[in-house]
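Heads up: the sequence shown begins at 134 in the working numbering, then just goes up one per residue.
Cβ coordinates follow ideal geometry from the N, Cα and C atoms, glycine included.
All values derive from a computational prediction rather than experimental measurement.
Heads up, the thing below is written out as structure tokens.
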Amino acid sequence: MASWSAPTFSLVEYFESQTVFQCGYCKNVACSVSNGMWAHSLTVQDYQDLIDRGWRRSGKYLYKPVMNKTCCPQYTIRCRPLQFQPSKSHKKVLKKMLKFLAKGEISKGSCEDEPMDSTMEDAVAGDFALVNKLDIKCDLKTLSSDLKGGIESEEKKKENSLKKEGSKELIHPQAIEEKLGSGEPSHSIKVHIGPKPGKGADLSKPPCRKAKEMRKERKRLKLMQQNSAGAFEGFQAQGQPASLLPKAKSNQPKSLEDLIFESLPENASHKLEVRVVRSSPPSPQFTATFQESYQVYKRYQMVIHKDPPDKPTVSQFTRFLVDSPLEAEYPANGPECGYGSFHQQYWLDGKIIAVGVIDILPYCVSSVYLYYDPDYSFLSLGVYSALREIAFTKQLHERASQLSYYYMGFYIHSCPKMRYKGQYRPSDLLCPETYVWVPIEQCLPSLDNSKYCRFNQDPQAVDEGRSKDLNRLRVLHRRSTMPYAVYKNYQEDPSEEEGVLEYANLVGQKCAERMLLFRN
134 MASWSAPTFS LVEYFESQTV FQCGYCKNVA CSVSNGMWAH SLTVQDYQDL IDRGWRRSGK
194 YLYKPVMNKT CCPQYTIRCR PLQFQPSKSH KKVLKKMLKF LAKGEISKGS CEDEPMDSTM
254 EDAVAGDFAL VNKLDIKCDL KTLSSDLKGG IESEEKKKEN SLKKEGSKEL IHPQAIEEKL
314 GSGEPSHSIK VHIGPKPGKG ADLSKPPCRK AKEMRKERKR LKLMQQNSAG AFEGFQAQGQ
374 PASLLPKAKS NQPKSLEDLI FESLPENASH KLEVRVVRSS PPSPQFTATF QESYQVYKRY
434 QMVIHKDPPD KPTVSQFTRF LVDSPLEAEY PANGPECGYG SFHQQYWLDG KIIAVGVIDI
494 LPYCVSSVYL YYDPDYSFLS LGVYSALREI AFTKQLHERA SQLSYYYMGF YIHSCPKMRY
554 KGQYRPSDLL CPETYVWVPI EQCLPSLDNS KYCRFNQDPQ AVDEGRSKDL NRLRVLHRRS
614 TMPYAVYKNY QEDPSEEEGV LEYANLVGQK CAERMLLFRN
């Protein structure tokens with residue numbers, strides 16, 4: 134591991150005029166508005182504080198949507214991995230991957246269920262795509278997981294009722310899947326299935342018992358035998374911790390790690406390996422795999438986003454997904470890999486099939502982008518990689534206890550197909566006025582009524598991190614660092630202060646005092 138030498142400063146160049154461009158979500162022209170600055174260098178703590186004020190990076194370019202002006206407000210969203218439980222649709226994706234690795238099975242129709250989202254590739258000077266990894270894939274099953282769960286519960290009740298009445302009407306699971314995928318109202322679907330000849334119930338035999346009931350009975354008998362006193366009540370023996378009892382164990386939902394790292398047979402069809410390599414500054418492992426990784430990116434852009442062959446060049450790839458202003462830092466109490474920018478490579482049978490671009494910061498893993506081999510779209514790699522990154526965040530937390538969040542980029546409620554990020558729960562949205570985190574459940578009713586919302590319900594609350602003393606802002610001028618109070622003596626244009634004040638309010642007092650603002 135490299136010795137830790139903390140950088141002394143961040144150096145940024147703020148662009149005072151707001152950028153207006155075509156929106157990659159609603160596709161309207163000249164309606165997406167943001168502020169921007171170029172980061173020549175950036176400490177991980179400064180970037181952590183910036184994204185906690187609504188900033189994001191694309192390469193070395195940092196941008197912050199003007200929330201009350203832009204057409205599709207983009208709210209910073211973070212997931213809480215320590216409390217995360219995968220949904221039904223998440224579990225399906227993980228099981229699909231396990232089946233593929235174990236037996237080589239490929240689920241039919243999965244590609245059709247997961248259309249690609251539009252991106253904002255030409256948003257900034259044609260070079261910096263203002264997108265992040267989770268904006269790539271939108272699983273329609275994810276959007277309807279809760280709805281589907283409700284349907285299945287209701288249909289089970291109806292099915293039991295119909296069985297008692299001797300009805301031959303059964304709910305066909307495939308019909309439910311088709312109904313959910315069609316976008317039609319989710320009413321019950323009944324398929325009439327007639328009894329097969331000779332397959333009716335044999336009245337001379339005792340009635341069939343449900344397998345679940347039989348399992349419960351076996352557990353009950355086993356517990357009674359284990360408990361010498363014979364005391365048994367509510368599936369809990371006296372003097373034995375509830376956590377050790379079979380029922381408690383069977384009711385315990387599988388953790389994300391259990392689902393991801395489920396053991397495979399020795400003769401598994403495929404082998405998947407995930408490697409985390411530092412991309413900036415490039416590690417030897419990153420340099421050795423650069424060309425292979427780039428070829429995956431190029432094919433992804435051409436097939437998925439229909440880029441012409443001359444657009445995803447090596448230089449464009451480097452500027453967008455390799456170059457990073459973040460300085461590599463290795464504090465003693467940090468993760469073993471250190472802080473900074475990384476590529477999380479997914480190796481299948483010795484070749485790269487996907488790469489997740491991430492930043493590891495003091496309090497979070499921040500998702501930047503994902504690209505993958507289109508031949509493996511059937512594996513739902515957008516969802517799968519997000520779940521792997523959540524699990525990775527939990528792993529880093531074990532070494533660095535303050536690192537406990539997974540930032541998913543922006544949540545865009547005004548674009549219905551971009552709401553899927555809200556399915557990774559528990560999660561919070563950042564209030565665009567006071568910069569406090571609010572549980573997403575509390576935000577959604579307001580967003581249903583208005584695309585721009587202040588989530589903080591306290592009308593008296595203000596931005597506590599706002600600029601309070603402009604004179605303490607740090608400036609780099611003529612290769613010398615100085616507080617803004619001194620720089621004003623060199624200032625030729627008095628109107629320049631308006632732009633400096635705007636910058637200070639956007640980055641906040643802490644960053645304004647630490648970062649160096651370049652002035653020519």
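DSSP places His530 inside the alpha helix (DSSP H), whose first and last residues are 514 to 532. Between Leu183 and Val640, the alpha-carbon positions lie close to 6 Å from each other. Secondary structure note for Ile184: its alpha helix (DSSP H) is the uninterrupted segment 177 to 184.
If the five residues before and after Asp602 are omitted, its C-beta is found closer than 8 Å to the C-beta atoms of Gln642, all from its own chain and listed in chain order.
Counting only the Cα atoms, Gly632 lies some 21 Å from Glu597. Pairing Asp492 with Gly473, the inter-Cα distance amounts to about 6 Å.
Pro559 and Gly489 have their alpha carbons spaced roughly 22 Å apart. Gln385 and Cys212 have their C-alpha atoms some 22 Å from each other. Contact between Leu397 and Ala524 is ruled out by a C-beta separation of about 17 Å, above the 8 Å threshold. Annotated three-state conformation of Gly632 is helix, per DSSP. The residues Val516, Leu520, in chain order, have a CB closer than 7 Å to that of His223 in the same chain once the five nearest residues on each side in sequence are set aside. Ranked by Cα distance from Asp591, the options Gln434, Ser600, Asn638, Glu566 are led by Glu566. About 11 Å separates the beta carbon of Leu405 from that of Leu514, a gap too long to meet the 8 Å contact definition. Here the alpha carbons of Gln575 and Ala594 stand approximately 17 Å from one another.
Per the Cβ contact rule, the stretch 459 to 472 is not in contact with the stretch 425 to 440 (fewer than 3 Cβ pairs under 8 Å).
In its chain, beyond the 5 residues on either side, Lys229, Met230, Phe233 have a beta carbon closer than 7 Å to the beta carbon of Leu512. Residue environment analysis places Asn168 among the buried positions, since at least 16 neighbouring C-beta atoms fall within 10 angstroms of its C-beta.
Asp506: not part of any alpha helix (DSSP H); DSSP gives it neither H nor E.
Membership of Pro578 in the alpha helix (DSSP H) is indicated by the continuous run 573 to 582.
Between the alpha carbons of Leu606 and Phe148 lies a distance of about 17 Å. Sixteen is the threshold: when 16 or more other Cβ atoms of the shown chains lie within 10 Å of the Cβ of Tyr636, as they do, the residue is buried. According to the DSSP assignment, Tyr430 belongs to the alpha helix (DSSP H) that extends over 423 to 437. For Val490, no alpha helix (DSSP H) segment is defined; the enclosing uninterrupted segment is the beta strand (DSSP E) at 484 to 493. In the displayed model, Cys644 falls within a helix according to three-state DSSP. Membership of His223 in any beta strand (DSSP E) is not indicated; the residue belongs instead to the alpha helix (DSSP H) covering 221 to 236.
Bounds of the beta strand (DSSP E) holding Phe154 are 144 to 154. In terms of Cα proximity to Gln181, the closest of Met615, Val498, Lys221 is Val498. Non-local C-beta neighbours of Phe142 in its own chain, meaning closer than 6 Å and more than five positions away in sequence, comprise Leu649, ordered along the chain. A direct Cα-Cα distance of roughly 31 Å separates Leu634 from Ile573.
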